[in-house]
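**Q** Have a look at this one.
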Amino acid sequence: PAAAVNFCGGTSHVNACGRPVNIYPCCPNGSNCTWWAWESACRNWGIGFVNWGNANTWAAHARNDPRVVLVGPQPGSIATSTLGNYGHVAWTIGVGSGVTVTEQNCCTGCNPGTRTFTHGFGKFQSGFVVRRGTQCGCSAGQSQRESCGNCGSRVRHCDGCSWGGWSSCAGADPNGGNEVCDIGAKGVCEAARLRCVAGNVECRSVTTASAEVCDGLDNDCNDQVDDGHPPIGAVRPAFAATLVDASWPTSMKLGERGTIWAKFRNDGTQAWTRDNLWLSAYEDTRLSAPTWPAYDVAATIDAPVQPGEVAHFSFDVVAQFDTDGELDETFMLKRADGPVVACPQGEVRAKIRVLHTELDPNSQVPGDGNGGGSGEALVDPNDPQPTTQIDFRGCSAAPGLVPLALLLLLARRRNGNRHELGR
16 PAAAVNFCGG TSHVNACGRP VNIYPCCPNG SNCTWWAWES ACRNWGIGFV
66 NWGNANTWAA HARNDPRVVL VGPQPGSIAT STLGNYGHVA WTIGVGSGVT
116 VTEQNCCTGC NPGTRTFTHG FGKFQSGFVV RRGTQCGCSA GQSQRESCGN
166 CGSRVRHCDG CSWGGWSSCA GADPNGGNEV CDIGAKGVCE AARLRCVAGN
216 VECRSVTTAS AEVCDGLDND CNDQVDDGHP PIGAVRPAFA ATLVDASWPT
266 SMKLGERGTI WAKFRNDGTQ AWTRDNLWLS AYEDTRLSAP TWPAYDVAAT
316 IDAPVQPGEV AHFSFDVVAQ FDTDGELDET FMLKRADGPV VACPQGEVRA
366 KIRVLHTELD PNSQVPGDGN GGGSGEALVD PNDPQPTTQI DFRGCSAAPG
416 LVPLALLLLL ARRRNGNRHE LGR
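In my numbering, the protein residues as written are 16 to 438.
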């Protein structure tokens with residue numbers, strides 16, 4: 016029965032709706048839920064409702080007012096309840112684990128004024144009133160999920176009144192990520208599994224390509240293992256070698272014999288022996304010599320070479336009679352089971368210019384190509400008797416009559432070229 020007033024709960028009426036007076040009274044305790052709910056609609060929506068009676072009738076009146084609509088809980092709405100003798104209304108400011116409102120209360124013993132309080136969702140069971148056209152598209156805590164691609168889904172969540180953006184499309188890998196597939200890659204990239212990528216099933220390598228290292232694997236997936244003289248990797252391979260020093264003649268006459276030697280450090284974990292490692296030549300080499308252990312094996316080692324030790328390989332080469340111009344020959348360390356020891360540097364490359372002044376094969380004089388002779392005779396396969404041995408390391412020639420022209424030829428100094436790494 017109290018009269019309408021413009022001050023209640025310590026708050027004054029603000030005329031934002033063309034109504035100079037708040038039409039609801041203030042209760043004896045100094046506050047009233049309907050006074051504050053009406054005031055909130057006037058201030059926020061510019062609407063001055065007619066008298067909707069007690070709080071427990073507000074939801075019914077809202078259904079008949081074309082300016083508003085009843086929705087689920089959302090900020091910026093009038094929360095309504097029909098519970099109790101008179102019901103309750105409040106202005107909603109947040110929705111989370113409950114409904115947070117600003118409210119006044121009309122009851123004996125209730126504190127006066129306007130307070131902020133969070134109620135459970137069951138408190139306002141008769142709905143939330145919003146101005147038509149401003150209602151929320153969703154309620155806080157809601158989420159939506161939809162399929163995308165052929166293996167994925169995406170989700171969005173309600174931010175309290177409207178839907179947030181969709182998440183990226185993602186999904187679980189087929190068969191728990193264990194489905195084998197063929198990607199057609201090489202090296203470490205060859206192993207592949209089916210993956211759900213951006214919502215679609217794709218065949219992906221288990222391991223991605225990386226810089227090549229000396230570890231017995233094709234790290235860069237180019238179908239070549241340990242190529243390009245890579246450095247030792249985190250896992251040291253069983254067989255690895257580094258060229259420490261080498262020497263070869265810079266020039267040779269056709270049919271002349273010379274000597275090439277190379278020193279390699281064992282950088283692997285496996286000891287080298289005569290049976291598991293040798294220095295090999297390409298099959299089309301034009302420098303082979305009868306002293307080689309095999310047609311494609313230039314030299315072997317006599318004693319085991321442990322990891323960290325240096326092996327010395329020395330072998331003869333002969334510039335064959337069909338050789339023309341400069342030779343570019345590569346000799347590489349090779350394992351007995353086939354693979355080449357490619358890294359960090361398991362090869363020696365010799366460039367030798369072949370002079371077109373042929374030696375008479377029937378009077379071949381052996382030499383090491385570096386100004387010193389090997390002291391061995393070169394055997395003519397058509398003549399079982401070797402030619403005369405001449406030892407350049409001594410002060411005199413071997414016994415026998417030597418023509419003066421041949422002595423002059425042998426006395427001419429033949430310079431070799433010694434190549435040392437790191438100088």
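Glycine is no exception: its CB is placed at the ideal position from the N, C-alpha and C atoms.
Kindly provide the ranges of any beta strand (DSSP E) runs that are 3 or more residues long and lie completely inside the segment 262-314, ordered along the chain.
**A** 266-268, 272-281, 292-296, 312-314
**Q** Going by C-alpha distance, which of Gly-109, Ser-183, Pro-81 is nearest Ile-93?
**A** Gly-109
**Q** Let's test the definition: count the other Cβ atoms within 10 Å of the Cβ of Ser-46 and tell me whether it reaches 16, buried, or not, exposed.
**A** buried
**Q** Locate the alpha helix (DSSP H) running through Trp-51, then write down its first and last residues.
**A** Trp-51 -> alpha helix (DSSP H) spans 48-60.
**Q** Can at least three beta-carbon pairs, one atom from the segment 257-269 and one from the segment 352-361, be found at a separation below 8 Å?
**A** yes
**Q** Going by C-alpha to C-alpha distance, which of Ala-207, Gln-119, Val-203, Thr-115 sits closest to Gly-135?
**A** Nearest C-alpha to Gly-135: Thr-115.
**Q** Where does Trp-73 sit, in a helix, a strand or coil, going by DSSP?
**A** Three-state DSSP puts Trp-73 in a helix.
**Q** With distances taken between CB atoms, is the gap from Thr-482 to Thr-97 smaller than 8 Å?
**A** The chain is shown from 16 up to 438; residue 482 falls before or after that span and cannot be answered.
**Q** What's the gap between the Cα of Val-250 and the Cα of Asp-230?
**A** 6 Å
**Q** Just mark Trp-90 as buried or exposed, buried being the case when its beta carbon has 16 or more other beta carbons within 10 Å.
**A** First, the amino acid is wrong: residue 90 is Pro here, not Trp. Pro-90 should be labelled buried.
**Q** Please specify which runs of the alpha helix (DSSP H), each continuous and at least 4 residues long, are wholly inside the segment 64-116, giving them in chain order.
**A** 73-78
**Q** With 16 as the cutoff for other CB atoms within 10 Å, does Gln-140 come out buried or exposed?
**A** exposed
**Q** For Trp-67, which of Thr-95, Gly-87, Cys-42 has the nearest alpha-carbon?
**A** Thr-95
**Q** Using C-beta distances below 6 Å, list every residue in its chain close to Ala-74, excluding the 5 sequence neighbours before and after it, in chain order.
**A** Thr-95, Ser-141, Gly-142
**Q** By DSSP, does Val-203 sit in helix, in strand, or in coil?
**A** DSSP places Val-203 in helix when its eight states are reduced to three.
**Q** What's the call for Gly-248, buried or exposed, on a 16-neighbour Cβ count within 10 Å?
**A** buried
**Q** Only counting the same chain, and skipping five residues up and downstream in sequence, which positions put a Cβ closer than 7 Å to that of Tyr-310?
**A** Ser-303
**Q** Mind the definition here: the segment 150-163 touches the segment 196-207 only if three or more C-beta pairs lie below 8 Å; say whether that holds.
**A** Judged by Cβ distances under 8 Å, the segment 150-163 makes no contact with the segment 196-207, as fewer than three pairs qualify.
**Q** Candidates Ala-261, Trp-181, Gly-113, Gly-353: which alpha carbon is nearest Arg-171's?
**A** Looking at the Cα atoms, Trp-181 is the closest of the given residues.
**Q** Taking buried to mean at least 16 other C-beta atoms within 10 Å of its own C-beta, is Pro-88 buried or exposed?
**A** buried
**Q** Check the C-beta distance from Ala-187 over to Cys-211 and give it rounded, since I have them as a contact under 8 Å.
**A** 6 Å
**Q** Assuming Gly-25 and Pro-127 make a contact with CB atoms under 8 Å, what is their CB distance in whole Å?
**A** 7 Å
**Q** Within 8 Å, do at least three Cβ pairs link the segment 281-298 to the segment 310-325?
**A** yes
**Q** Return the chain-ordered list of same chain residues with a C-beta closer than 6 Å to the C-beta of Ala-206, the five sequence neighbours on each side being excluded.
**A** Val-221
**Q** Measuring straight from C-alpha to C-alpha, what distance separates Val-104 and Asn-71?
**A** 8 Å
**Q** When the Cα of Gly-273 is compared with those of Lys-366, Trp-106, Val-240, which residue comes out closest?
**A** Lys-366
**Q** Looking at the strands, I want to know which residues DSSP matches up with Ile-247.
**A** Paired residues: Cys-229.
**Q** Would DSSP call Asn-215 helix, strand or coil?
**A** strand
**Q** Does the distance from the C-beta atom of Ala-19 to that of Tyr-39 stay below 8 Å?
**A** yes
**Q** Between the C-alpha atoms of Asn-193 and Leu-209, what's the straight-line distance to the nearest angstrom?
**A** 7 Å
**Q** Could you give the C-beta distance for Gln-239 and Asn-281, rounded to a whole number, given that I count them as a contact under 8 Å?
**A** Going by Cβ atoms, the distance from Gln-239 to Asn-281 rounds to 23 Å, so no, they are not a contact pair.
**Q** Tell me whether Gly-119 is buried or exposed, calling it buried when 16 or more other Cβ atoms sit within 10 Å of its Cβ.
**A** Residue identity check: residue 119 is Gln in the sequence provided, not Gly. It counts as buried.
**Q** Between Asn-237 and Cys-204, what straight-line distance do the alpha-carbon atoms span, to the nearest angstrom?
**A** 9 Å
**Q** Determine the burial state of Asp-352: buried for a count of at least 16 other Cβ atoms within 10 Å of its Cβ, exposed for fewer.
**A** With fewer than 16 other Cβ atoms within 10 Å, it is exposed.
**Q** Quick check on the DSSP output: the beta strand (DSSP E) that includes Ser-7 runs from which residue to which?
**A** The structure shown does not extend to residue 7, since the chain spans only 16 to 438, so no value can be given for it.
**Q** Just verifying my parser: in three-state terms, what is the DSSP assignment at Pro-43?
**A** coil
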